[in-house]
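Q: Before anything else, here's the structure in question.
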DNA sequence: AAGACGAAAGTGGTTGA
DNA sequence: TCAACAACTTTCGTCTT
């Protein structure tokens, strides 16, 4: 990494930069913007099975984001050996065979071709939605398993990738609703909803249903609200749950209302319109929810 | 003028016969 | 498969700051 002077957030200028080596991500601790991804993990790999701590290989740790998990070695097209000498005809024929074999093994099976196409779409969609590497990895694993179970045949890759990403997002609680997916994917929310259920049951995945708290952090971020507001909003939701005001209500609606109340209780108030815009919940619903919450929790807004 | 309010009608998803 | 149902949205006129 460069000197600390150069490490400033490109968005807000903050120096509160957080580097997550596990996810290969550098992000701003204040506004949450991800500044770079897919960095090479500078640490050596510690996993060794014989107690010997020597590095087995260098480069990035293995990742499910490459269809061959990033471990393939390229056989180049020059008929030279490592020292640059030309190869004899015998070796040349052998090299030719190896290259052909390599091409086959890497992409010729329909499985690998599908996986490759899926990963391209996965990274496109995840990038567009601002989803980090851990979610992408999780989605890639789910997709791979779905592909192994032959769930993809007859359905579009685009559709199933969106479904896998949606599931991964739920599992890792990264707060993206079906509406968010519909906004960024060409696949309809209906199709994503249907496919994600198929994957979920076939892979026997247990994913907790979304809770309002999960959305608070993201909303607060998008609204550039300080952390106290976030904390306040989570407190409100906590109390609301104890009074059973959250059951059967959409988590986004509850979260949006809680953020609205919290923002009004502090100096950094946001309008219903602003919150509606970033959350995808209408002003009317925010109103209904926040009236409910204020009434039952005895919160007074001036 | 902007924001908040609430009534009324419409939409899409869930549930249970 | 269908109807009933609650939550949510859309639209719009009115009130408040």
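Residue numbers (this note's numbering): 17 to 318.
Glycine included, each C-beta is placed from N, C-alpha and C at the ideal position.
#1: Can you have a look at residue 311 and say buried or exposed, based on whether 16 or more other CB atoms are within 10 angstroms of its CB?
#2: Report buried or exposed for residue 165, applying the criterion of at least 16 other Cβ atoms within 10 angstroms of its Cβ.
#3: Please say whether residue 255 and residue 163 have beta carbons closer to each other than 8 Å?
#4: May I ask you to report which of helix, strand or coil DSSP gives residue 243?
#5: Could you spell out the range, first to last residue, of the alpha helix (DSSP H) harbouring residue 214?
#6: Identify whether residue 110 lies in helix, strand or coil by the three-state DSSP scheme.
#7: With distance defined between alpha-carbon atoms, name the residue in 250, 179, 134, 295 nearest to residue 207.
#8: Compute the Euclidean distance between the alpha carbons of residue 187 and residue 148, then round it to the nearest angstrom.
#9: For residue 239, which residues from the same chain have a beta carbon less than 8 Å from its beta carbon, with the 5 sequence-adjacent residues on both sides left out?
#10: Run through DSSP, which three-state label would residue 228 get?
#11: Rounded to a whole number of angstroms, what is the C-alpha to C-alpha distance between residue 302 and residue 128?
#12: Of all the options 110, 183, 202, which has the alpha carbon lying nearest to the alpha carbon of residue 222?
#13: Taking the CB atoms as reference points, tell me whether residue 176 and residue 211 lie closer together than 8 Å.
#14: Shortest alpha-carbon distance to residue 142 belongs to which of 297, 192, 228?
#15: Could you tell me which whole alpha helix (DSSP H) segments of length 4 or greater appear in the stretch 264-313?
#16: Between residue 82 and residue 262, what straight-line distance do the alpha-carbon atoms span, to the nearest angstrom?
#17: Straight-line CA distance for residue 112 to residue 125?
#18: Taking only three categories from DSSP, how would you classify residue 315?
#19: Measure the Cβ-Cβ separation of residue 309 and residue 271 and say whether it is below 8 Å.
#20: Quick one: Cα of residue 140 to Cα of residue 317, how far?
#21: Look at the Cβ atom of residue 134, then the Cβ atom of residue 109, and state whether they are nearer than 8 Å.
#22: What's the call for residue 58, buried or exposed, on a 16-neighbour Cβ count within 10 Å?
A: By the coordinates alone:
#1: For this step, residue 311 is matched to residue 295 along the first chain. Counting Cβ neighbours within 10 Å, residue 311 comes out exposed, since fewer than 16 surround it.
#2: The residue you call residue 165 lines up with position 149 of the first chain. With fewer than 16 other Cβ atoms within 10 Å, it is exposed.
#3: If you number the first chain from 1, residue 163 lands on position 147. If you number the first chain from 1, residue 255 lands on position 239. Cβ distance not < 8 Å, so residue 163 and residue 255 don't count as in contact.
#4: Reading the first chain from its first residue, position 227 is the one you call residue 243. In this structure, residue 243 counts as helix in the three-state DSSP scheme.
#5: Within the first chain, the letter at position 198 stands for residue 214. Looking at the DSSP string, the run of the alpha helix (DSSP H) that includes residue 214 is 205-218.
#6: By 1-based counting over the first chain, the position of residue 110 is 94. Looking at residue 110 - three-state DSSP - the assignment turns out to be helix.
#7: Residue 207 sits at position 191 when you count from the first residue of the first chain. Nearest option by C-alpha distance: 179.
#8: As a first step, residue 187 must be located in the first chain, where it is residue number 171. As a first step, residue 148 must be located in the first chain, where it is residue number 132. Computed Cα separation, rounded: 13 Å.
#9: The residue given as residue 239 occupies position 223 in the first chain. The answer, listed in chain order, is 275, 279, 286, 290, 291, 294.
#10: Mapped onto the first chain, residue 228 falls at position 212. If DSSP states are grouped into helix, strand and coil, residue 228 belongs with coil.
#11: Within the first chain, the letter at position 286 stands for residue 302. Within the first chain, the letter at position 112 stands for residue 128. Using only the alpha carbons, I get a separation of about 46 Å.
#12: Position 206 of the first chain, counting from 1, holds the residue named residue 222. Ranking the options by Cα distance to residue 222, first place goes to 183.
#13: As a first step, residue 176 is located in the first chain; it is residue number 160 there, counting from the start. As a first step, residue 211 is located in the first chain; it is residue number 195 there, counting from the start. Yes, the Cβ-Cβ distance between residue 176 and residue 211 is below 8 Å.
#14: Along the first chain, one-based indexing puts residue 142 at 126. For the residues 297, 192, 228, the minimum Cα distance to residue 142 belongs to 192.
#15: 267-281, 288-295, 299-313
#16: The count along the first chain starts at 1 and reaches residue 82 at position 66. The count along the first chain starts at 1 and reaches residue 262 at position 246. So the alpha carbons of these two residues sit roughly 41 Å apart.
#17: Numbered from 1 along the first chain, position 96 holds the residue referred to as residue 112. Numbered from 1 along the first chain, position 109 holds the residue referred to as residue 125. The straight-line gap from Cα to Cα measures roughly 20 Å.
#18: Here residue 315 is taken as the residue at index 299 of the first chain, counted from 1. Residue 315 falls in the coil class under three-state DSSP.
#19: For the purposes of this step, residue 309 is taken as the residue at position 293 of the first chain. For the purposes of this step, residue 271 is taken as the residue at position 255 of the first chain. No.
#20: Against the first chain, residue 140 aligns to sequence position 124. Against the first chain, residue 317 aligns to sequence position 301. Their backbone Cα atoms lie some 43 Å apart in a straight line.
#21: Counting from 1 along the first chain, the entry for residue 134 is found at position 118. Counting from 1 along the first chain, the entry for residue 109 is found at position 93. In this structure, residue 109 does not lie closer than 8 Å to residue 134 by Cβ.
#22: Along the first chain, one-based indexing puts residue 58 at 42. Confidence at residue 58 is low in this model, with a pLDDT of 47, below 50, so its placement is unreliable and the value that follows should be read with caution. Exposed is the call here.
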